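Sequence lines, in order, name chains A and B. When we follow the numbering used here, the leftmost residue of the first sequence carries the number 127, and every step to the right adds one. When we follow the numbering used here, the leftmost residue of the second sequence carries the number 35, and every step to the right adds one. All C-beta atoms, glycine included, are put in the ideal place defined by N, C-alpha and C. Predicted model, so just to flag it, every value in this text is computed and none were measured.
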Amino acid sequence: MGLRGRDLAKVLLLIVVPWAFIVLAAPLYNRPQPELGGWPFAWWYLTAWVFIQPALTYVVYRLIDRRGGS
Amino acid sequence: MFRPVDYALFFVVVGLTVVVAFLGSRWRAADLSRISEWGIGGRRFGAFIVWFLMGADIYTAYSLISIPGAAFSTGGFILYAVAYGSISYPFLYIVATKLYRISRRRGYITAGDYVRDRFDSEVLSLLISLTGIIAMLPYIALQVVGIRYVLEAMGFPVLPSFIIAYLLVAAFVAVSGLRGPALASLVKDAILWAVIITVVVYLGVKFSGFGPIFAEVGPSHYLISGNLMVGYMTLALASGISWLLFPNLLTGLLSSRSEDVIRRNSVFLPLYQVWLVFLAIMGLVALAKGLVPSKVSSLAFPSVLYAYFNSTFTALAFAGIVIGSMVPAALQSLGAANLVTRNIYLQFINRGASEPQQVLWGRVSVFILIAASLAFALTPAASGLIFYLLTFAYAWLLQTLPAIIISMYWYSLDKYSVAVGWAAGTAVTTYGLFTVRFSSSLLPWMYDVYAGFLGLAVNLAVMLAIHGVVRTSGVRVTSRLRTEELE
């Protein structure tokens, strides 16, 4: 990937995806069902994103910026 | 009721934190007469310290008191705090590393330093810096008000306790600079992690994973109420792009040893978001079990502690809440003091100020800012739902987004467009907050949109219009930064 492609992938994974799934999807995730362990969908969905987004950020860090580790 | 041993534990924890903060001045022996050493810890903190420091900076009395309180009173709407945190970190990964790079190269301590050079304008720098300073006051006031009920519950006289606690804060910041709250944040976060994990595990077992709690409060409370959906989304989105604009957070970010420290922390800091989820659930527990006397929402989390834990653990948790308000207040007053020193004193009062003179000004400013915030905390506006105090700060700071963030990417952006946009955005935001008498930050006369979001929209529209005029009229635009210095 060239510089442009890399920048685009970063904007996608660090801005477009989180804004779409965490904020703009609110009318879709604002519902009780399906429940998980008694937690309503809205609550466990956003809790899941507390972990999903850092994983995506880590992917950017390792694979696109090629930092950390060896 | 608290026993003497509980009070002893409380004072040991708070006292230890304050002592550690004073000892910060000796940590990694540095020359504290240099403003970069006092103000941003000499840019030498590694990923571990920055994790604790930023944790103390972001997760404050607001998280511990206002989030359970808002979950108790307004229910699912509080999920906006979980949502905006999750979009803030990846955004920082992009914009904070860039501002860090530019600042390190040119030796900037504050956003005002950057704006001055970027736009070759001390006036624009002053406007942006004043916004930062003024926005810190309700934020510090929120820390003060946040511990009111804890102090009352422990039977302390409120006003003298406020004054003693925050004079100590001002004193350790003045003495140690950023090293004080940085070292104290290790104590603060260690205790709060221990308290929150204990509470969540114990109550999680007691309430079978909190499922029954959700069932008891019902969907009408735990979901975001449909008519507030625009407010929810605009508040989350606008808040999620504003962290870099906070003087206290920028102070923390600039103290990093390298860009890589910031990158790694945008992966690991979000772990703190787990606090918000469970603290919000504590608000639901308080509601489901009817624990809160006379519906005072700020009592939600303290009431849960009171109801289910013995007095010793409650005293420990209360100490955690108190230091969870003092350490962030230290960082906020330091962030604002850096602006006063660098962008008011150095730019307008004494251009030739030596480094020790700047540090002296910083130290005096900390006391003035803490005193002003205490005064603010005692006004009627602060006694209502303190949850909204922070959204005011966010709303005003958001209007500095073009000057600080957009300007790093748009090289031909000029000072006139940014200044007029800022003025329009700030006016609209303030007018919006005025129409709801500063009791909320959502505007019922426009789909409950967030005042700061509306202000930013107007700000950007005006900025683009003026920029068009500037371009066509051929006004000369200057910058002290070359294009390659913005890379």
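Check, Outcome
"Buried/exposed call for V319 (chain B), threshold 16 Cβ in 10 Å", "buried"
"DSSP state of V470 (chain B) mapped onto helix, strand, coil", "coil"
"Buried/exposed call for W444 (chain B), threshold 16 Cβ in 10 Å", "exposed"
"Members of the stretch 153 to 175 of chain A near chain B, C-beta cut-off 8 Å", "P153, N156, R157, P158, E161, G163, G164, W165, P166, A168, W169, L172, T173 and W175"
"Distance, D191 (chain A) Cα to S300 (chain B) Cα", "14 Å"
"Candidates B:G73, B:P253 and B:T51, of which the one nearest R157 (chain A) by Cα", "B:P253"
"Inter-residue spacing [alpha-carbon to alpha-carbon] between G396 (chain B) and I315 (chain B)", "40 Å"
"Inter-stretch contact at 8 Å, needing at least 3 Cβ pairs: the stretch 88 to 97 of chain B / the stretch 228 to 245 of chain B", "no"
"Reference P436 (chain B), options B:S120, B:S242 and B:Y148, closest by Cα", "B:Y148"
"Proximity of D154 (chain B) and R140 (chain B) at Cβ, strictly below 8 Å", "no"
"Buried or exposed by the 16-neighbour rule on C-beta atoms within 10 Å, applied to L45 (chain B)", "Rather than Leu, the amino acid found at residue 45 (chain B) in this sequence is Phe. By the neighbour-count rule (16 or more Cβ atoms within 10 Å), F45 (chain B) is not buried but exposed."
"Beta-carbon neighbours of V149 (chain A), restricted to chain B and to distances below 8 Å", "A117, Y118, I121, M267, A270, L271 and G274"
"Sequence-distant residues of the same chain with beta carbon closer than 6 Å to S331 (chain B), five excluded per side", "G103, F106 and S107"
"DSSP beta-bridge partners of L476 (chain B)", "B:Y484"
"Buried or exposed (CB count within 10 angstroms, at least 16 for buried), R505 (chain B)", "exposed"
"7 Å CB neighbourhood of L477 (chain B) in its chain, flanking five on each side removed", "G466, T469, V470, V483, A485 and L488"
"Buried or exposed by the 16-neighbour rule on C-beta atoms within 10 Å, applied to G386 (chain B)", "exposed"
"Neighbouring residues, chain A, relative to P327 (chain B) (Cβ below 9 Å)", "Those do not exist, as P327 (chain B) stays about 27 Å from chain A at its closest Cβ, beyond 9 Å."
"Listed by chain order, chain B residues near R193 (chain A) by CB distance under 7 Å", "D294 and R297"
"Nonlocal neighbours in the same chain, by C-beta distance under 6 Å from I198 (chain B), ignoring five residues either side", "none"
"Residue nearest to I168 (chain B) in terms of C-alpha spacing, selected from B:I500, B:V492 and B:Y428", "B:Y428"
"Three or more C-beta pairs below 8 Å linking the stretch 260 to 271 of chain B and the stretch 142 to 156 of chain A", "yes"
"Chain B contact residues for A134 (chain A), given Cβ-Cβ distances below 9 Å", "Checking the displayed sequence, the identity of residue 134 (chain A) turns out to be Leu instead of Ala. Here the premise fails: no neighbours, minimum Cβ distance about 12 Å."
"Exposure label - G109 (chain B); buried when at least 16 CB within 10 Å", "buried"
"Nearest-angstrom Cα separation, counted from L98 (chain B) out to L313 (chain B)", "7 Å"
"Inter-residue Cα distance where the pair is I148 (chain A) and A181 (chain A)", "14 Å"
"Short CB-CB distance (under 8 Å) between I438 (chain B) and chain A", "no"
"Euclidean distance between Cα positions of V450 (chain B) and S441 (chain B)", "The residue asked about is misnamed: residue 450 (chain B) is Tyr in this sequence, not Val. Distance between the alpha carbons of Y450 (chain B) and S441 (chain B) is about 13 Å."
"Cα-Cα separation, K136 (chain A) to R188 (chain A)", "12 Å"
"A145 (chain B) versus K132 (chain B): straight-line alpha-carbon distance, rounded", "12 Å"
"Status (buried if at least 16 other CB within 10 Å, exposed otherwise) for S196 (chain A)", "For S196 (chain A), the pLDDT reaches just 47, beneath the cut-off of 50, and the residue's location in the model is therefore unreliable, leaving the point undetermined."
"Check whether P27 (chain B) and N372 (chain B) have beta carbons under 8 Å apart", "For residue 27 (chain B) there is no data in the structure shown, the boundaries of chain B being 35 and 521."
"Proximity test, Cβ basis, 8 Å: L373 (chain B) and chain A", "no"
"Contact set between G243 (chain B) and chain A, taken where Cβ atoms lie within less than 9 Å", "G163, G164 and W165"
"Chain-ordered neighbours of L140 (chain A) on chain B, where CB pairs are closer than 8 Å", "P124, F125, Y127 and I128"
"Under the three-state DSSP convention, the category S407 (chain B) falls into", "helix"
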